[in-house]
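Q: Dropping a structure here in structure tokens format, bear with me for questions.
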Amino acid sequence: MKRIFFLTCCLGLISLSLQARPQAEAASALPLRVGIMPDADSLPFMVARDEGFFDREGVTVELVNFSNPQERDAAIQAGRLDGAISDLLSAAFFAAGGFDTKVTSLTDGRYGIVASPNSQIKNLSGLRGKRIGLSANTIIQYTVDAQLEAAGVSMTEYEAVSVPRMPLRLEMVLEGQIEGASLPEPLLTAAAAQGALLLSTTDATGIDAGILLFSKKTLDTRLEAVKAFYRAYDKAAQKINANPDAYRDYLVEKAGFPAAVKDAYRFVTYRRPTLPAPAQIEQALNWLKTRKLLEAEIRAEDLADPRAISEW
1 MKRIFFLTCC LGLISLSLQA RPQAEAASAL PLRVGIMPDA DSLPFMVARD EGFFDREGVT
61 VELVNFSNPQ ERDAAIQAGR LDGAISDLLS AAFFAAGGFD TKVTSLTDGR YGIVASPNSQ
121 IKNLSGLRGK RIGLSANTII QYTVDAQLEA AGVSMTEYEA VSVPRMPLRL EMVLEGQIEG
181 ASLPEPLLTA AAAQGALLLS TTDATGIDAG ILLFSKKTLD TRLEAVKAFY RAYDKAAQKI
241 NANPDAYRDY LVEKAGFPAA VKDAYRFVTY RRPTLPAPAQ IEQALNWLKT RKLLEAEIRA
301 EDLADPRAIS EW
């Protein structure tokens with residue numbers, strides 16, 4: 001009887017193992033769904049897809065395009081994405097709302113502030129007491145406050161004009177309805193090409209805001225796939241860095257940049273995968289609290305997860 005019982009247990013374990021293996025293989029074969037935006041941060045991910053870097057690393061990736069952060073954030077909250085290009089403020093809001101996502105690295109984009117062509121404003125100090133078009137209580141306003149503070153202008157010394165629609169914001173600053181505006185690429189280059197004066201950019205002032213995040217579930221269950229994803233991203237990023245001019249046509253044909261900015265666009269330098277410094281995360285959290293946008297007590301170490309980029 002004991003022998004029969006032992007054999008029955010063994011057969012049961014083998015059966016469970018055989019059932020689990022196809023399920024695990026099916027899970028690993030599923031694509032990583034990663035949300036991207038039409039901006040500079042997303043370029044290496046698109047190149048990694050289109051030039052086969054993901055395939056060579058053995059990872060299947062589906063890049064999901066979003067035209068605005070609201071749709072992207074809704075997809076993250078609904079669990080329709082494994083990861084996404086996002087920002088430190090959104091990461092904090094996800095944590096406060098109970099959504100278990102983790103910041104896995106910085107991304108390299110560019111936000112900037114421009115002055116209206118006829119405003120006579122020559123530097124950031126000239127925006128003191130002026131109207132600046134932005135998207136209120138978002139990463140856009142965070143970067144505005146940080147850039148102005150670096151120039152000695154406090155967050156209470158300008159008039160924030162909330163214009164969530166970025167094309168309208170661009171139009172308003174070009175027509176002089178507002179003295180300044182904060183814009184991401186490629187609209188930043190488009191504004192300068194049409195006569196607006198570029199006053200400051202986040203990459204020049206060392207302000208990091210863009211990040212990549214993944215759900216903790218994805219990191220726990222598909223870590224090797226995420227690591228492969230990063231290897232492909234890094235190779236694509238370094239290829240762009242080596243010869244950015246080779247990608248000017250790509251900006252328009254594949255990345256959705258306006259044709260008018262193709263020749264004027266100044267490529268960002270893409271860094272190796274790295275986490276934001278704890279001080280950077282704390283700065284973003286403190287800004288949210290100062291603006292009374294965050295009540296939850298969140299620590300910098302609670303937001304970041306280094307596992308996916310441990311080889312860098």
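23 is the number that my numbering gives to position 23 of the sequence shown; each next residue is one higher, with no gaps.
Ideal Cβ positions, reconstructed from N, Cα and C, are used throughout, including at glycine.
All values reported here derive from a predicted model rather than from experimental measurement.
1) Have a look at L134, L213 and F257 and flag the residue whose alpha-carbon is nearest the alpha-carbon of L183.
2) Between the Cα of G210 and those of V114, A136 and A277, spot the shortest distance and give me the residue it belongs to.
3) If contacts are defined as beta-carbon pairs under 8 Å, then L285 and A300 qualify, I think. What distance do you get, rounded to the angstrom?
4) Report yes if the CB atom of L32 is closer than 8 Å to the CB atom of V61, and no otherwise.
5) Grab me the residues of A96's own chain with a C-beta within less than 8 Å of its C-beta, minus the 5 sequence neighbours each way, in chain order.
6) Within the continuous beta strand (DSSP E) that includes D87, where are the two ends?
7) Would you call P22 buried or exposed, if buried means 16 or more other Cβ atoms sit within 10 Å of its Cβ?
8) Output the distance between the C-alpha atoms of K262 and A246, rounded to the nearest integer angstrom.
9) DSSP beta-bridge partners for E159?
10) If you measure between the beta carbons of T221 and Q147, is that distance less than 8 Å?
11) Would a C-beta distance cut-off of 8 Å place A236 and V47 closer than the cut-off?
12) Using the three-state DSSP reduction, which class does R33 fall into: helix, strand or coil?
13) CB-CB under 6 Å to A264, same chain, minus the five flanking residues each way: which ones, in chain order?
14) Can you tell me which of T274, K292, D145 and A92 puts its alpha carbon nearest to the alpha carbon of I281?
15) Mind checking which residues open and close the alpha helix (DSSP H) that includes F229?
16) Between L199 and the rest of its own chain, which residues show a CB-CB distance below 7 Å, the 5 nearest in sequence each way excluded?
17) Mind checking which residues open and close the alpha helix (DSSP H) that includes I76?
18) Out of curiosity, what's the CA-to-CA distance linking M37 and G152?
19) From which residue to which residue does the alpha helix (DSSP H) around K254 run?
20) Decide yes or no for the touch test of the segment 52–61 against the segment 222–242: beta carbon pairs closer than 8 Å, at least 3 of them.
21) If you run the structure through DSSP and keep just helix, strand and coil, what is Y265?
22) Just to confirm, are A150 and R169 a CB contact at a threshold of 8 Å?
A: Looking at the atomic coordinates:
1) By alpha-carbon distance to L183, the top candidate from L134, L213 and F257 is L134.
2) Measuring C-alpha to C-alpha distances from G210 to each of V114, A136 and A277 identifies A277 as the nearest.
3) Correct: roughly 7 Å between the Cβ atoms.
4) For the 8 Å CB-CB criterion, L32 and V61 form a contact.
5) Once the five neighbours on either side are set aside, the close Cβ partners of A96 are L294, E295, A296 and I298.
6) Segment G83 to D87, the beta strand (DSSP E) holding D87.
7) Summary for P22: the model assigns pLDDT 42, below 50, so the residue's position carries little reliability; its value from the coordinates is reported in the next sentence. With fewer than 16 other Cβ atoms inside 10 Å of its own Cβ, P22 counts as exposed.
8) About 11 Å.
9) E159 is bridged to R131.
10) Judged by their CB atoms, T221 and Q147 are not nearer to each other than the 8 Å cut-off.
11) In this structure, V47 lies closer than 8 Å to A236 by Cβ.
12) It is a strand residue.
13) Contacts found: T189 and A193.
14) Minimum Cα-Cα distance from I281 among the listed residues T274, K292, D145 and A92 corresponds to A92.
15) Run containing F229: L223 to A242, per the alpha helix (DSSP H) assignment.
16) Same-chain partners within the cutoff: I113, V114, A115, N123 and L124.
17) Where I76 is concerned, the enclosing alpha helix (DSSP H) stretches over P69 to Q77.
18) About 32 Å.
19) For K254, no alpha helix (DSSP H) segment is defined, and its DSSP state is neither H nor E.
20) Contact between the segment 52–61 and the segment 222–242 is present, because at least three Cβ pairs lie under 8 Å.
21) Three-state DSSP puts Y265 in coil, outside helix and strand.
22) The criterion of a C-beta distance shorter than 8 Å is not satisfied by A150 and R169.
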